[in-house]
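J.: Handing you a structure now.
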Amino acid sequence: MIDEEVKAVILAIIIVAGVFSIAQLIASGRVVEPFSAIGLLGPKMKIGDYPKNVLVNQTINLYLFIDNHEGHLMYYVIYAKLGNRSTMINENVSANAPILDRYEIILPHGENITIPVSLKIQKPYRNARLIFEMWIYDPVSETLRYHGRWVQLWINVTAPTIS
0 MIDEEVKAVI LAIIIVAGVF SIAQLIASGR VVEPFSAIGL LGPKMKIGDY
50 PKNVLVNQTI NLYLFIDNHE GHLMYYVIYA KLGNRSTMIN ENVSANAPIL
100 DRYEIILPHG ENITIPVSLK IQKPYRNARL IFEMWIYDPV SETLRYHGRW
150 VQLWINVTAP TIS
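Using numbering that gives the first Met the number 0, the first residue of the sequence shown is number 0, and each one after it goes up by one.
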């Protein structure tokens, strides 16, 4: 026969394992800390090797990395904007700057995507600030809203020399 103390220990282990298993079932699929991420990659799809100086109307090739951990399907809009040193942007305020392009992405939870970006700047610009802002579709208000995430690249745009 099994001793009463051994029975009690085995029963306690079974109860603890059962509670843990039920907790895992309840919590599975639930995102404790939802987030979205945006990253800027250089022309070789890697961090770094970004262009610093480009000519007017020269194509700037970059890549955007978008990552969804919000717990549900997300509709993202990324605005490419052209700013400068005085362009204000933070997690609460989007940049008040001209929009160069717009990229739309629908991404399931747990997925990411890397998309190519090709931009041209039409005039010379010293200390240009290429800003990529993440906006999301808000189903409650049925509008796009700034998601407080952005990346940027500082470049100089020069006029080609005439020889």
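Where a beta carbon is used, it is the ideal one built from N, C-alpha and C, also for glycine. Keep in mind the model is a prediction, meaning the values are calculated, not measured.
Verify whether the separation of the beta carbon atoms of ILE98 and ALA79 is less than 8 Å.
T.: Sequence index remark: in the sequence shown, residue 98 carries index 99 (1-based). Sequence index remark: in the sequence shown, residue 79 carries index 80 (1-based). A contact, by the Cβ cut-off of 8 Å.
J.: Less than 7 Å between C-beta atoms, sequence neighbours within five positions excluded: which residues of the same chain meet that for GLN121?
T.: Locating residue 121 in the sequence shown gives position 122, counting from the first residue. Cβ within range, chain order: VAL55, ASN56.
J.: Could you give the DSSP three-state label for ALA127: helix, strand or coil?
T.: The residue you call residue 127 lines up with position 128 of the sequence shown. Here ALA127 sits in strand by DSSP.
J.: With distance defined between alpha-carbon atoms, name the residue in SER117, ARG84, THR86 nearest to ASP165.
T.: There is simply no residue 165 to check, as the chain begins at 0 and stops at 162 in what is shown.
J.: Beta strand (DSSP E) containing ARG144: first to last residue?
T.: Within the sequence shown, residue 144 is the residue found at index 145, counting from 1. Looking at the DSSP string, the run of the beta strand (DSSP E) that includes ARG144 is 142 to 157.
J.: Spatial neighbours of TYR145 within its chain, please: C-beta separation below 7 Å, excluding the five flanking residues on both sides.
T.: For this step, residue 145 is matched to residue 146 along the sequence shown. Cβ within range, chain order: SER93, GLU132, TRP134.
J.: Kindly indicate which three-state DSSP category ILE120 falls into: helix, strand or coil?
T.: What you label residue 120 is simply residue 121 of the sequence shown in a count that begins at 1. Reduced to three states, the DSSP call for ILE120 is coil.
J.: Is the CB-CB distance between ALA127 and LEU63 below 8 Å?
T.: For this step, residue 127 is matched to residue 128 along the sequence shown. For this step, residue 63 is matched to residue 64 along the sequence shown. In this structure, LEU63 does not lie closer than 8 Å to ALA127 by Cβ.
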